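Below is one structure, written out as structure tokens, with a few remarks after it.
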Amino acid sequence: MNVVKALRTARAPSHFMRGRIVLPLASSSAQSTRPRLFASSSVSRSEREPQSVSRLAPIGVEAALQTTKDSSDNSTPRKIFSEFALPDRVGIVSGGGRGLGLEMAMALCEAGARAIYCLDIHDKPTEEWQAVRDYVGRLKPLEQDTPSQNPASRLEYVKVNVTDQNAVWKAVNEIGDREGRMDVCIAAAGVLKPEKDVLEYPAEEFKEVMSINVNGVLYTAQAAGQQMRRFGNKGSIILIASMSGSITNHGHAWIAYNTSKSAVLQMTRSMACELGGEGIRVNSLSPGHIYTKMTAQYLDSQPHLFSKWSSLNPLGRLGRADEMRGVVVWLASDASTYCTGSDILVSGGHHAW
Ligand SMILES: NC(=O)c1ccc[n+]([C@@H]2O[C@H](COP(=O)([O-])OP(=O)(O)OC[C@H]3O[C@@H](n4cnc5c(N)ncnc54)[C@H](O)[C@@H]3O)[C@@H](O)[C@H]2O)c1
């Protein structure tokens with residue numbers, strides 16, 4: 087008997103107990119499984135199947151099994167988009183004054199967050215940031231199954247240097263005091279310096295890049311994690327790394343930047359392992375080439391890089407900041423409750439060849 091046939095035979099009784107479907111277990115006998123019955127159907131499931139952690143539970147197939155045939159009219163709710171919603175959630179986004187950080191902060195507000203605080207180094211937010219804040223203030227209330235107490239969303243600005251651990255912790259603690267919860271953190275503040283020969287790279291500049299791209303990311307994540315622990319509402323921490331943490335950009339002398347982004351990938355895994363028990367998820371997001379002020383310093387002065395960078399990915403183009411909206415809302419929301427310790431590459435496939 088081959089292995090597949092042997093497995094099928096061994097599992098047959100647990101699949102088909104008296105005509106009912108019972109999900110197979112990987113490592114226990116069928117006898118120890120007591121089926122969980124759904125009133126509206128003849129289908130049953132093992133009690134060992136974990137309970138849903140979704141605030142919208144039951145969802146998916148379980149929702150279908152729990153719905154009585156009588157009530158199966160056209161008013162069955164579509165829950166999938168609600169799983170991505172962020173009703174009443176509070177979050178922080180470092181580097182949220184512009185670029186990817188601002189785009190992501192706005193996406194969280196559009197998904198229904200109560201308040202997203204943009205942490206950035208400049209004294210005052212830019213006109214672009216203010217325009218986004220005003221737009222967010224005009225958003226219609228979130229349409230979903232569980233309306234929040236505060237349907238309006240707010241984009242807030244806090245001046246802080248992410249390299250100052252005490253200042254970041256204090257600022258985020260004050261946000262916790264004000265809002266009474268903390269759900270989402272995006273650590274996006276980062277710098278990319280001009281190219282320099284690896285063998286001549288100055289110590290001070292290397293330290294500066296590490297201080298912002300590594301230490302600053304840690305301090306931001308710590309600050310948010312402290313508030314998540316304080317309020318016990320779990321949470322999602324998203325560290326912005328880069329594809330440059332996994333690949334080396336062809337033809338570019340970016341030793342400090344690339345090294346810093348690799349550190350963020352490992353920081354993600356370590357934090358995820360330490361905080362998983364508290365329901366705090368930690369993932370990294372690694373964009374490819376996106377046109378922002380950071381990359382404009384190269385692209386605007388060396389226009390040939392547009393076609394060079396575009397040709398380096400299978401989609402044949404640079405990405406846009408708004409192409410981070412979906413992935414970041416997914417990571418922040420209950421649509422990704424089983425995702426932690428992962429790096430999500432969004433690079434137009436740059437890393438694929
Ligand atoms: N643009 C891309 O192609 C790309 C690709 C991969 C990863 N990333 C990463 O995405 C993140 C955002 O990049 P971007 O393209 O939006 O860059 P950006 O330069 O437009 O934005 C970075 C923001 O970080 C802020 N910042 C810098 N130092 C700070 C400090 N010490 N304290 C507080 N805020 C500080 C800046 O003021 C700015 O608002 C960075 O971590 C970057 O490395 C960008």
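Residue 388 in this note's numbering sits at position 302 of the sequence shown; the count goes up by one each step and never skips.
Here a beta-carbon is modelled for each residue, glycine too, at the ideal position from N, C-alpha and C.
All values reported here derive from a predicted model rather than from experimental measurement.
Outcome for residue i when other beta-carbon atoms lying within 10 angstroms are tallied against a minimum of 16
| i | result |
| --- | --- |
| LEU325 | buried |
| LYS347 | buried |
| GLU265 | buried |
| TRP395 | buried |
| GLN313 | buried |
| SER393 | exposed |
| TYR424 | exposed |
| PRO211 | buried |
| GLU189 | buried |
| SER113 | Residue placement at SER113 cannot be trusted, given a pLDDT of 35 that sits under 50; the coordinates are not used to answer. |
| GLY187 | buried |
| ILE366 | buried |
Residue i to residue j span [Cα, whole Å]
| i | j | result |
| --- | --- | --- |
| PHE292 | ARG406 | 28 angstroms |
| SER322 | VAL284 | 36 angstroms |
| ILE207 | TYR287 | 25 angstroms |
| VAL432 | ARG316 | 32 angstroms |
| SER138 | PRO144 | 7 angstroms |
| ASP174 | LYS320 | 14 angstroms |
| GLU360 | GLY262 | 22 angstroms |
| HIS375 | SER297 | 23 angstroms |
| GLY302 | LEU151 | 47 angstroms |
| ALA149 | PRO136 | 15 angstroms |
| THR162 | ALA257 | 44 angstroms |
| HIS338 | LYS279 | 11 angstroms |
| ALA421 | TYR243 | 27 angstroms |
| ASN335 | ASN344 | 8 angstroms |
| ALA438 | ASN399 | 8 angstroms |
Cβ-Cβ distance between residue i and residue j below 7 angstroms
| i | j | result |
| --- | --- | --- |
| SER372 | ASP429 | yes |
| GLY181 | ILE202 | no |
| ALA273 | ALA309 | no |
| LEU172 | SER419 | yes |
| VAL349 | VAL300 | As written in the sequence, residue 349 is Ala, which differs from the Val given in the question. Yes, Cβ-Cβ distance for ALA349 and VAL300 is below 7 angstroms. |
Cβ distance (whole Å) where residue i is taken to contact residue j below 8 angstroms
| i | j | result |
| --- | --- | --- |
| LEU241 | CYS195 | 6 angstroms |
| GLY276 | THR354 | 14 angstroms between Cβ atoms; not a contact. |
| VAL270 | LEU205 | About 13 angstroms separates the two Cβ atoms, so there is no contact after all. |
| VAL179 | ALA197 | Contact flag wrong, Cβ pair sits at about 13 angstroms. |
In chain order, which continuous runs of the alpha helix (DSSP H) of length 4 or greater are located wholly inside the region 297-372? You should have 302-317 and 341-361.
In chain order, each alpha helix (DSSP H) run of at least 4 residues that lies wholly inside the region 135-201: If only complete runs of 4 or more residues are kept, the region 135-201 shows the alpha helix (DSSP H) at 146-152, 166-169 and 185-196, in order along the chain.
Could you tell me which whole beta strand (DSSP E) segments of length 3 or greater appear in the region 405-430? Runs of the beta strand (DSSP E) inside the region 405-430: none found.
Just list the alpha helix (DSSP H) runs in the region 202-243, keeping only unbroken ones of 4 residues or longer that don't cross its boundaries, in chain order. Here the runs fully enclosed are 213-223.
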